[in-house]
Amino acid sequence: MPPLWDLPAPEAGHAARPNAAGQDAAGLKALVSALGEPAWRGGQVFEGLYRQRWTRWEQFSSLSKALRTRLEAEVDLAWPAIVQSQASEDGSTKHAFELTDGKQVEGVWMPYDDRVTLCLSSQVGCAMGCTFCATGQMGIVRNLTAAEIVGQVVAMLNHHGHPEGRPVNLVFMGMGEPLHNLDHLMAAFAILTDPKGLAIPPRRITVSTSGLVSGIERLGAFPRRPRLALSLNATTDAHRSAIMPVNRVWNLEALAAALAAFPLQSGERVTLEYVLLKGVTDSLEDGRRLAAFARRFPAKVNLIPFNPHEGSGFEPPDESRVGALCRLLSEVGLPVSVRRSRGQDVAGACGQLVREGQARKPKDSGLKTGD
Ligand code: SAH
Ligand code: SF4
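So the number in the numbering used here is just where the residue sits in the sequence shown, counting from 1, plus 331.
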């Protein structure tokens with residue numbers, strides 16, 4: 332694993348021209364000031380970018396024609412582009428995004444009756460090397476910038492249209508370990524939650540971590556922050572270290588202590604995600620140990636039957652076992668849900684679309700091109 336906090340973190344935009352996409356209000360004010368415009372015009376650009384979700388300078392009708400022409404000539408407006416989209420029978424759509432350097436990440440649009448949840452990536456690849464995860468097998472390529480994180484939301488909302496009357500939830504459960512890219516993640520969080528822009532409430536944003544205790548501690552120190560989910564996935568150090576190398580650095584005891592110290596708001600719970608691997612992590616003893624772990628802080632449990640992918644060497648659990656574990660946990664009073672992996676018929680679990688897209692040529696991949 333590369334040293335933590337020591338990953339390539341590209342500057343936003345191209346070297347020669349600034350990129351307005353992904354910049355905060357202060358950055359946009361500086362950008363328009365450098366063009367000799369009053370700083371408050373930066374606020375108009377902010378609203379155009381994040382409230383209107385305009386993607387071309389000519390759409391910025393709040394600005395003069397002369398300023399639009401100058402921006403067109405001197406400033407990029409470069410968001411990640413949807414290059415492949417694949418709709419699943421369950422209503423979700425998986426998108427592959429191409430970044431300005433040609434790398435790809437993926438995101439998923441998941442509509443429900445009462446909300447729409449967008450699953451987002453935080454890195455190209457992942458350094459954590461979990462043995463059951465397709466992204467983990469890719470290794471780490473680089474961090475995403477704030478523009479590339481916010482851009483996944485902008486692109487999916489523009490592609491599908493903002494859902495009328497249904498709130499938007501964001502979960503960082505796509506490619507990458509979000510707490511391994513916390514600076515860019517929190518810059519994106521500030522933009523995503525700004526009432527003048529996309530205005531997504533902080534409580535509707537969840538960051539999922541494999542258990543970087545240093546990142547959990549840093550996240551807890553932010554006065555405004557997303558909610559936290561932990562991918563627990565095993566209940567003994569021996570099992571967890573075998574499938575999640577991060578456990579060799581911060582074991583279950585260190586994790587429980589960090590979560591017990593995490594400053595939760597009233598009514599807030601930490602989500603414990605638990606991937607069920609047949610014969611590895613799905614015993615009833617695992618269920619009892621999971622319940623004991625979850626008693627140490629306010630928690631809810633999300634059981635995730637393993638989504639198989641080629642060469643993983645793991646199998647999904649029997650349905651009867653999923654039911655038994657679900658009952659065991661709810662009987663001890665834990666809120667528990669089972670996540671049926673959405674988009675399973677289109678390689679839904681994290682990392683699988685991009686991996687398969689790279690392995691196959693687009694013309695025979697069965698994916699239809701995005702808008
Ligand atoms: N890196 C972060 C967030 C991305 S992974 C983390 O690990 O939490 C999001 C979730 O998908 C994690 O809970 C992970 O354990 C789970 N996951 C990864 N591969 C999976 C697979 N093949 N089937 C089911 N869940 C998987
Ligand atoms: Fe990375 Fe999460 Fe996959 Fe582990 S499960 S390799 S932390 S993306």
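Where a beta carbon is used, it is the ideal one built from N, C-alpha and C, also for glycine.
- Under the three-state reduction of DSSP output, residue 424 falls in the strand class.
- Looking from the CA of residue 620, the closest CA among 662, 565, 653, 654 belongs to 565.
- A Cβ-Cβ separation of about 6 Å places residue 512 in contact with residue 454 under the 8 Å criterion.
- Less than 8 Å divides the Cβ of residue 350 from the Cβ of residue 407.
- Residue 461 carries a coil assignment under DSSP once its states are collapsed to helix, strand and coil.
- Proximity to residue 552 across 580, 425, 590 peaks at 590, based on C-alpha coordinates.
- Note that the C-beta distance between residue 560 and residue 508 is not below 8 Å.
- Under DSSP, residue 537 forms a beta bridge with 502, 558.
- DSSP lists no beta-bridge partner residue for residue 507.
- Residue 407 carries a strand assignment under DSSP once its states are collapsed to helix, strand and coil.
- Taking residue 389 as the centre and dropping the five residues before and after it, the same chain places the C-beta of 399, 403 closer than 8 Å to its C-beta, in chain order.
- Buried is the label assigned to residue 541, since at least 16 other Cβ atoms lie within 10 Å of its Cβ.
- With respect to the 8 Å criterion, residue 603 and residue 648 are not classified as neighbours on the basis of their beta carbons.
- In this structure, the CA atom of residue 456 is about 32 Å from the CA atom of residue 376.
- The alpha-carbon of residue 477 is positioned some 6 Å away from that of residue 516.
- Under DSSP, the beta-bridge partners assigned to residue 450 are 439, 502.
- Membership of residue 602 in the beta strand (DSSP E) is indicated by the continuous run 601-607.
- Note that the stretch 367-387 does not touch the stretch 411-421; fewer than 3 beta-carbon pairs, one per stretch, sit closer than 8 Å.
- Per DSSP, the unbroken alpha helix (DSSP H) holding residue 547 starts and ends at 544-551.
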